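This report concerns only the one structure given below.
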Amino acid sequence: MVQLRQTNGLRLALFVNCFCGTFAAIPVVNIENGPIIGEDRGEYFAFEGIPYAKPPIGERRFAAPVLNDETWSEPRNTSNLGPFCMQWSHTIKGNDKLFGEEDCLYLNVYTTSLKESPGLSTLFYIHGGAFMFGGGGFFSPKHVLRKPMIMVTFNYRVGPLGFLSTEDDVIPGNFGLKDQVTALQWVKRNIHHFGGDPARVTLVGFSAGGASVHLHYLSPMSRGLFQNGIAHSGTALNPWVMAEDSARKAQQIAQRLGCPVDDNTSQSMLACLRDRPAEDIVRQVPFLLDYLYNPFSPLGVVIEKQSKLNRRPFLADHPAVLSRKGKLSKVPLILS
Numbered sequence: 001m002v003q004l005r006q007t008n009g010l011r012l013a014l015f016v017n018c019f020c021g022t023f024a025a026i027p028v029v030n031i032e033n034g035p036i037i038g039e040d041r042g043e044y045f046a047f048e049g050i051p052y053a054k055p056p057i058g059e060r061r062f063a064a065p066v067l068n069d070e071t072w073s074e075p076r077n078t079s080n081l082g083p084f085c086m087q088w089s090h091t092i093k094g095n096d097k098l099f100g101e102e103d104c105l106y107l108n109v110y111t112t113s114l115k116e117s118p119g120l121s122t123l124f125y126i127h128g129g130a131f132m133f134g135g136g137g138f139f140s141p142k143h144v145l146r147k148p149m150i151m152v153t154f155n156y157r158v159g160p161l162g163f164l165s166t167e168d169d170v171i172p173g174n175f176g177l178k179d180q181v182t183a184l185q186w187v188k189r190n191i192h193h194f195g196g197d198p199a200r201v202t203l204v205g206f207s208a209g210g211a212s213v214h215l216h217y218l219s220p221m222s223r224g225l226f227q228n229g230i231a232h233s234g235t236a237l238n239p240w241v242m243a244e245d246s247a248r249k250a251q252q253i254a255q256r257l258g259c260p261v262d263d264n265t266s267q268s269m270l271a272c273l274r275d276r277p278a279e280d281i282v283r284q285v286p287f288l289l290d291y292l293y294n295p296f297s298p299l300g301v302v303i304e305k306q307s308k309l310n311r312r313p314f315l316a317d318h319p320a321v322l323s324r325k326g327k328l329s330k331v332p333l334i335l336s
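Heads up: the sequence shown begins at 1 in full-length UniProt numbering, then just goes up one per residue.
See below:
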């Protein structure tokens, strides 16, 4: 349900707008969790920094994401971007290229209409960055929303926090891709509150985002969550997508942080890594950047093993094998 109303916490802001002759109603949308307050930006309504999953901290570090089930009754301000996921960015000058936060699973919804009928189509944009850096906040909806539609951008875990893997069922990996699935689940359950049709979702991505689009076609976790896809400058078959020797890289990071790597399982390593500051883990990225022939994406997508600990792998086989076997979503896909 959509409301345009004045809330107690924003009366002063509304008064200033009225005094200046630029009064604009505040958009309030009731999602599953509770009411959220957005911003009317003229050509579209913006709702930013919506928590779509529980914070991936503590025991949820190096674990599959959990859809956010927190509820609230008072309107929550969602007019500012959430923090980027913690990353070692190639685009920052200087020695310390670390920025972002571990609690980062937020999405942004931009819509040209708040009427629940007829339902608008949704462009679900997956950012690139070699699975190592980037964020949803880098992309503006200004040019996309020239026609009636919705654009969703979001953060997913990148680098070690999103793609570290011991190639077993203890730290199976692909957490960033599972974040993407969780964001899609959130869209399916909530996008109608923003005037969208949950049966009209198109995945769009560039570079690693394009590869992600293709990977969702190959993953049973993503089935039924989208109806079209557009992959720019990246597919699941690019040589940089599938990570090499992930277990050895995980051990290298663990050793540098003083964590055990010589036991028969990865449980001790996992417990130790969860106890280390996230900043220390991400700061190990430079030591992987000269690894073999793929220095730009030292951590990435892996084939997962299904087990009692990992009941729902994102990717159970190599993309080429799955494609040859026809194990993919049978919906339109544009590759460019």
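Idealized CB from N, CA, C, for every residue including glycine.
What you are looking at is a predicted structure, and each value in this text was computed from that prediction instead of being measured.
Assuming L270 and I171 are in contact, meaning their beta carbons sit under 8 Å apart, how far apart are those beta carbons, in whole angstroms? Taking the first residue of the sequence shown as position 1, residue 270 is located at position 270. Taking the first residue of the sequence shown as position 1, residue 171 is located at position 171. About 6 Å; that satisfies the 8 Å criterion.
From G162, Y156, L123, residue whose alpha carbon lies closest to that of A231: Taking the sequence shown and counting its residues from 1, the one referred to as residue 231 is at position 231. With distances taken between Cα atoms, A231 lies closest to L123.
Measuring straight from C-alpha to C-alpha, what distance separates P260 and G229? Translated into positions along the sequence shown, residue 260 becomes position 260. Translated into positions along the sequence shown, residue 229 becomes position 229. Looking at the two C-alpha atoms, the distance is approximately 42 Å.
Just confirm the distance between the C-beta atoms of E39 and S79, as a whole number of angstroms; I'd bet it's less than 8 Å. For the purposes of this step, residue 39 is taken as the residue at position 39 of the sequence shown. For the purposes of this step, residue 79 is taken as the residue at position 79 of the sequence shown. Right, the Cβ-Cβ distance comes to about 4 Å (below 8 Å), so this counts as a contact.
Roughly how many angstroms lie between the CA atoms of F163 and M149, to the nearest whole one? Residue numbering aside, residue 163 sits at position 163 when the sequence shown is read from its first letter. Residue numbering aside, residue 149 sits at position 149 when the sequence shown is read from its first letter. So the two alpha carbons sit approximately 32 Å from each other.
Using the Cα positions of F287 and D96, report the straight-line distance between them to the nearest angstrom. Counted from its first residue, the sequence shown places residue 287 at position 287. Counted from its first residue, the sequence shown places residue 96 at position 96. Spanning the two alpha carbons is a distance of roughly 13 Å.
Whole angstroms are fine: how far does the CA of L161 sit from the CA of P277? For the purposes of this step, residue 277 is identified with residue 277 of the sequence shown, where counting begins at 1. For the purposes of this step, residue 161 is identified with residue 161 of the sequence shown, where counting begins at 1. The alpha-carbon atoms of P277 and L161 are separated by roughly 11 Å.
Pairwise C-alpha distance: W72 and P51: Mapped onto the sequence shown, residue 51 falls at position 51. Mapped onto the sequence shown, residue 72 falls at position 72. Answer to the nearest angstrom: the Cα atoms are 12 Å apart.
Contact the region 309 to 324 vs the region 210 to 221: 3+ CB pairs below 8 Å: yes
For R311, name the three-state secondary structure that DSSP assigns. The residue labelled residue 311 in the question sits at position 311 within the sequence shown. Coil, per DSSP.
Is there contact here, the region 198 to 214 with the region 126 to 140, by at least three beta-carbon pairs under 8 Å? yes
Check A316 in the structure and name its three-state DSSP category. Within the sequence shown, residue 316 is the residue found at index 316, counting from 1. It is coil, neither helix nor strand.
When DSSP labels each residue in this structure, what does N108 get in the three-state scheme? If you number the sequence shown from 1, residue 108 lands on position 108. Looking at N108 - three-state DSSP - the assignment turns out to be strand.
Own chain, CB closer than 8 Å to R61, minus 5 neighbours either side, in chain order: Within the sequence shown, the letter at position 61 stands for residue 61. Excluding residues within five positions, the ones whose Cβ falls inside 8 Å are E102, L161, L273, R274, A278.
Where does S165 land, buried or exposed, given buried means 16+ other C-beta within 10 angstroms? In the sequence shown, the residue the question calls residue 165 occupies position 165. Per the 10 Å Cβ criterion, buried.
When the Cα atoms are used, what is the spatial distance from T111 to P141? Residue numbering aside, residue 111 sits at position 111 when the sequence shown is read from its first letter. Residue numbering aside, residue 141 sits at position 141 when the sequence shown is read from its first letter. Whole-angstrom Cα-Cα distance: 9 Å.
In the DSSP output, what is I37 paired with across the bridge? Taking the sequence shown and counting its residues from 1, the one referred to as residue 37 is at position 37. DSSP, once it has assigned bridges, lists V28, N77 as partnering I37.
Along the chain, which unbroken stretches of the beta strand (DSSP E) at least 3 residues long are found entirely within the region 130 to 204? 150 to 154
Member of R41, R189, D245 whose CA lies at the smallest distance from the CA of L225: By one-based count along the sequence shown, residue 225 stands at place 225. The residue with the shortest Cα to Cα distance from L225 is R189.
Compute the Euclidean distance between the alpha carbons of V302 and T153, then round it to the nearest angstrom. Residue mapping note: residue 302 aligns to position 302 of the sequence shown, counting from 1. Residue mapping note: residue 153 aligns to position 153 of the sequence shown, counting from 1. So the two alpha carbons sit approximately 24 Å from each other.
Measure the alpha-carbon distance for L81 versus A243 and round it to whole angstroms. As a first step, residue 81 is located in the sequence shown; it is residue number 81 there, counting from the start. As a first step, residue 243 is located in the sequence shown; it is residue number 243 there, counting from the start. Spanning the two alpha carbons is a distance of roughly 30 Å.
Roughly how many angstroms lie between the CA atoms of N77 and I37, to the nearest whole one? By one-based count along the sequence shown, residue 77 stands at place 77. By one-based count along the sequence shown, residue 37 stands at place 37. Going by the C-alpha atoms only, they are around 5 Å apart.
Keeping to the same chain, check which residues put their C-beta closer than 6 Å to that of W186; ignore five residues upstream and five downstream. What you label residue 186 is simply residue 186 of the sequence shown in a count that begins at 1. Answer for W186: Y52, listed in chain order.
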